[in-house]
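Some notes on the structure that comes next.
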Amino acid sequence: MLLKADTRKIQEQFGAVCRKQNIVKLQLSRPEALVHYQRLIRNIFNNTLITAFPITNEWLTVDDWQYLVSEFMAKHAAQTPAVWQMPREFVEFVTENIYAATLNKPALNDLLWLEWYEIEVHTMRDVEEPPIMKTIYQLNDSLIMNPYHRIINLTYPVHKMHADEAAAEPGDYYVLTYRVMDSGDVRFIEISPVHVFILQNIIEGPQSLPEIVPGVLSQFNFDNEEAIQKYLAFFCSDLVDKKILIIT
Amino acid sequence: MRYQVGMGFRRDFADEFIDNEAFKPDFIELAPENWIGMGGYWKKKLDAVAGRYPVTCHGLSLSIGSPDDLDWTFLKQLKEFLKRYNVSIYSEHLSFAKADNAHLYDLLPIPFRDDAIKHIVKRIKMVQDYLERPLVLENVSYYTSVAAQMTEQEFVSRVVEESGCQLLLDVNNVYVNAFNHGYNAEEFISQLPLDKVAYIHMAGHDKVSDDLIIDTHGQAIIDPVYTLFEYTVKLLNKPVPVLLERDFNIPETQELIGEMERLKGIVKKIWEVEHVIES
Chain A
1 MLLKADTRKI QEQFGAVCRK QNIVKLQLSR PEALVHYQRL IRNIFNNTLI TAFPITNEWL
61 TVDDWQYLVS EFMAKHAAQT PAVWQMPREF VEFVTENIYA ATLNKPALND LLWLEWYEIE
121 VHTMRDVEEP PIMKTIYQLN DSLIMNPYHR IINLTYPVHK MHADEAAAEP GDYYVLTYRV
181 MDSGDVRFIE ISPVHVFILQ NIIEGPQSLP EIVPGVLSQF NFDNEEAIQK YLAFFCSDLV
241 DKKILIIT
Chain B
1 MRYQVGMGFR RDFADEFIDN EAFKPDFIEL APENWIGMGG YWKKKLDAVA GRYPVTCHGL
61 SLSIGSPDDL DWTFLKQLKE FLKRYNVSIY SEHLSFAKAD NAHLYDLLPI PFRDDAIKHI
121 VKRIKMVQDY LERPLVLENV SYYTSVAAQM TEQEFVSRVV EESGCQLLLD VNNVYVNAFN
181 HGYNAEEFIS QLPLDKVAYI HMAGHDKVSD DLIIDTHGQA IIDPVYTLFE YTVKLLNKPV
241 PVLLERDFNI PETQELIGEM ERLKGIVKKI WEVEHVIES
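As structure tokens, then:
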């Protein structure tokens with residue numbers, strides 16, 4: 001090792017003091033300048049997280065927000081070299097360490113994940129997009145998914161109401177988040193477990209609705225095949241119009 | 001183009017680079033970390049601007065002075081990115097941004113020490129070998145030195161000379177450091193290995209107290225920094241690209257155009273004369 005142990009230790013201490021925002025005696029030419037490093041680094045974390053989670057930031061009290069930022073900086077070693085991806089680590093940290101319970105904010109995790117997935121879908125790496133050969137859906141068409149999407153399972157309906165109100169309505173909610181292929185905008189649609197079943201089948205490989213419907217009937221104990229198929233055909237047609245489903 | 005003055009590409013005013021015909025820097029500079037792995041709307045913007053301008057890259061997270069190991073996964077992505085966008089210059093900071101396995105996303109001062117130099121020189125060579133291009137390292141602004149055993153000037157010069165890397169001379173940083181640490185900026189510059197200067201940065205700063213300037217890139221360049229820039233340009237034996245950095249408090253585009261024109265006027269005046277004398 002070319003770097004001596006004491007130099008390494010000095011650098012690690014300097015970094016730790018900036019992360020933990022505490023006071024430690026270091027060998028500095030201008031000790032009073034340390035607070036500027038602490039302030040600058042905290043601003044980078046805080047501003048990046050506010051940009052990523054504007055709704056959560058608006059919802060939480062200033063004290064609760066600052067507490068989470070402090071905890072994250074002090075207790076989590078950020079791994080990504082890309083600062084714009086650091087907010088994902090924040091969501092994981094908050095979720096794993098059960099801060100929703102600490103702050104008595106049951107919907108905290110769901111709101112953070114919802115906001116993060118909007119960024120994730122917006123910035124997903126470009127892939128070769130399937131050509132859109134046909135835009136009018138017919139029942140026997142084989143379907144594939146727009147590659148830029150996430151199906152999110154929420155316990156609280158934070159996608160359609162204030163997080164405090166959502167906390168009073170726990171359940172099993174699904175939100176399809178997708179990127180509009182032309183504009184790059186991200187949109188959300190609330191979907192049902194049956195829709196999730198349909199989409200998961202399509203994600204596994206190109207399939208037509210009639211190929212999936214028998215599985216829907218057995219999975220959800222439905223017996224009116226004709227009515228179910230008609231209902232789901234309307235759903236598929238709507239998603240084809242939105243270019244979420246693509247006819248192969 | 002002999003006298004190149006570029007501008008840092010930022011999302012805050014990305015459309016100006018693409019749509020404003022009056023705003024035509026000679027090249028753009030961007031931080032690869034902010035774009036690697038990104039698709040969608042911003043990838044389209046990046047492709048549009050890269051199709052219009054030559055691109056240089058100025059990294060943030062290499063952390064060449066870190067006590068931690070180099071991040072080879074990141075370097076692989078970086079190498080692909082530099083190739084994809086035909087990047088002419090890849091520069092980084094002579095600082096560290098990661099310690100104890102934690103990224104800090106800011107530029108921390110390396111202890112000016114002999115063992116740190118040896119450590120960094122080895123890492124520079126590894127990075128240069130892997131990227132198959134010279135690394136261009138910037139003298140950073142710093143607000144306190146940390147357990148220093150030599151001067152900043154000796155530290156920077158030795159890293160450059162012993163590693164064979166090139167120097168990104170940030171003139172504003174020299175001004176800021178000279179003010180904050182009480183040394184003579186011109187003397188500092190004159191003692192650097194100026195034959196290794198491959199790139200110059202210019203920016204504004206904020207004076208936060210009577211004895212402290214913070215390098216914010218959030219204000220226009222002040223006259224004393226232009227003066228120091230002119231002094232520097234006169235000492236260089238060849239033209240190098242010059243970049244205007246503006247990261248915050250973005251003004252009207254006309255103001256940025258004015259700053260770029262002023263920089264170009266200085267380099268043209270000096271380097272054109274040099275060129276005539278040489279020939």
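Just so you know, the sequences run in chain order A and B.
Start counting the first sequence at 1; every next residue gets the next number (the UniProt record's numbering).
Start counting the second sequence at 1; every next residue gets the next number (the UniProt record's numbering).
Backbone N, C-alpha and C fix where the C-beta goes; we use that ideal spot for every residue, glycine too.
Per-residue burial, residue i [other beta carbons within 10 Å of its own, 16 or more giving buried]
| i | result |
| --- | --- |
| Asn139/B | buried |
| Phe27/B | buried |
| Ala227/A | exposed |
| Asp19/B | exposed |
| Ile89/B | buried |
| Val62/A | exposed |
| Val127/A | exposed |
| Glu32/A | exposed |
| Phe45/A | buried |
| Ile190/A | Before going further, note that residue 190/A is Glu rather than Ile in the sequence given. Exposed, since its Cβ has fewer than 16 Cβ neighbours within 10 Å. |
| Ala163/A | buried |
| Ala74/A | exposed |
| Met124/A | buried |
| Pro32/B | buried |
| Val24/A | exposed |
| Met133/A | exposed |
| Tyr231/A | exposed |
| Ser183/A | exposed |
| Thr232/B | buried |
Span of the beta strand (DSSP E) around residue i
| i | result |
| --- | --- |
| Leu108/A | Looking at the DSSP string, Leu108/A is not in any beta strand (DSSP E); the run it does join, the alpha helix (DSSP H), is 108 to 123. |
| Ser91/B | 90 to 93 |
| Leu245/A | 245 to 247 |
| Glu128/A | Per DSSP, Glu128/A belongs to no beta strand (DSSP E) and is neither H nor E. |
| Thr80/A | Careful: Thr80/A lies outside any beta strand (DSSP E) and carries neither H nor E. |
First through last residue of the alpha helix (DSSP H) which encompasses residue i
| i | result |
| --- | --- |
| Met150/B | Note, Met150/B: premise wrong, no alpha helix (DSSP H); not H, not E. |
| Cys165/B | Premise fails: Cys165/B is in no alpha helix (DSSP H) and is neither H nor E. |
| Gly40/B | 40 to 52 |
| Gly15/A | 5 to 20 |
| Leu49/A | 34 to 52 |
Partners in chain A for residue i, counting only beta-carbon separations shorter than 9 Å
| i | result |
| --- | --- |
| Thr144/B | Leu26, Leu28, Ser29, Arg30, Pro31, Glu32, Ala33, Leu34, His36, Tyr37 |
| Leu108/B | Gln11, Phe14, Gly15, Cys18, Tyr37, Ile41 |
| Leu212/B | Arg30, Glu32, Ala33, His36 |
| Gly37/B | Ala82, Gln85, Thr123, Arg125 |
| Lys44/B | Asp126, Gly184 |
| Lys122/B | Leu2 |
| Ser61/B | Thr80, Pro81, Ala82, Val83 |
Under 8 Å by beta carbon: chain B residues contacting residue i
| i | result |
| --- | --- |
| Thr177/A | None at all; the shortest Cβ gap to chain B is about 13 Å. |
Cut-off 6 Å between Cβ atoms - residues of its own chain near residue i, not counting five sequence neighbours on either side
| i | result |
| --- | --- |
| Ala203/B | Asn172, His217, Glu245 |
| Gln21/A | Gln38 |
| Val83/A | Thr48 |
| Leu243/B | Gly6, Glu29, His201 |
| Phe93/A | Phe72, His76 |
Same chain, Cβ closer than 7 Å to residue i, five either side skipped, listed in chain order
| i | result |
| --- | --- |
| Pro111/B | Val146, Ala147, Ala148 |
| Arg187/A | Tyr178, Val180 |
| Leu3/A | none |
| Ala102/B | none |
| Ala50/B | Tyr85 |
| Glu115/A | Ala52, Phe53, Ile55, Thr56 |
| Glu259/B | Ala220, Ile221, Leu244 |
| Glu225/A | Val213, Leu217 |
Own chain partners of residue i with C-beta closer than 8 Å, once the 5 adjacent residues on each side are dropped
| i | result |
| --- | --- |
| Gln219/A | Phe197 |
| Val127/B | Leu62, Ile64, Leu70, Leu75, Leu135 |
| Ser66/B | Phe96, Ala97, Lys98, Ala99 |
| Arg52/B | Phe17, Ile18 |
Residue i: contacting residues in chain B (beta-carbon distance under 7 Å)
| i | result |
| --- | --- |
| Ala78/A | Ala102, His103 |
Under 7 Å from the C-beta of residue i: neighbouring residues of chain A
| i | result |
| --- | --- |
| His119/B | Leu2, Leu3 |
| Ala41/B | The sequence as given places Tyr at residue 41/B; Ala does not occur at that position. Residues of chain A passing the Cβ test: His122, Gly184. |
| Phe74/B | Pro81 |
| Phe96/B | Gln11 |
Neighbour list for residue i in chain A, Cβ cutoff strictly below 8 Å
| i | result |
| --- | --- |
| Asp115/B | Leu2, Leu3, Lys4, Thr7 |
| Asp71/B | Pro81 |
| Asn34/B | Ala82, Val83, Trp84 |
| Ala99/B | Gln11, Glu12, Phe14, Gly15, Ala16 |
| Pro111/B | Thr7, Ile10, Gln11 |
| Ala148/B | Ser29 |
Contact set between residue i and chain B, taken where Cβ atoms lie within less than 9 Å
| i | result |
| --- | --- |
| Ile44/A | Leu104, Tyr105, Asp106 |
Kindly provide the ranges of any beta strand (DSSP E) runs that are 3 or more residues long and lie completely inside the UniProt domain "NGO1945-like C-terminal" (148 to 239) of chain A, ordered along the chain. 149 to 154, 173 to 179, 186 to 191
Tell me the start and end of each unbroken alpha helix (DSSP H) in the segment 184 to 244 of chain B that is at least 4 residues and wholly inside, in chain order. 185 to 190, 223 to 235
My parser needs the alpha helix (DSSP H) runs of 4 or more residues fully inside the segment 58 to 112 of chain B; what are they? 72 to 84
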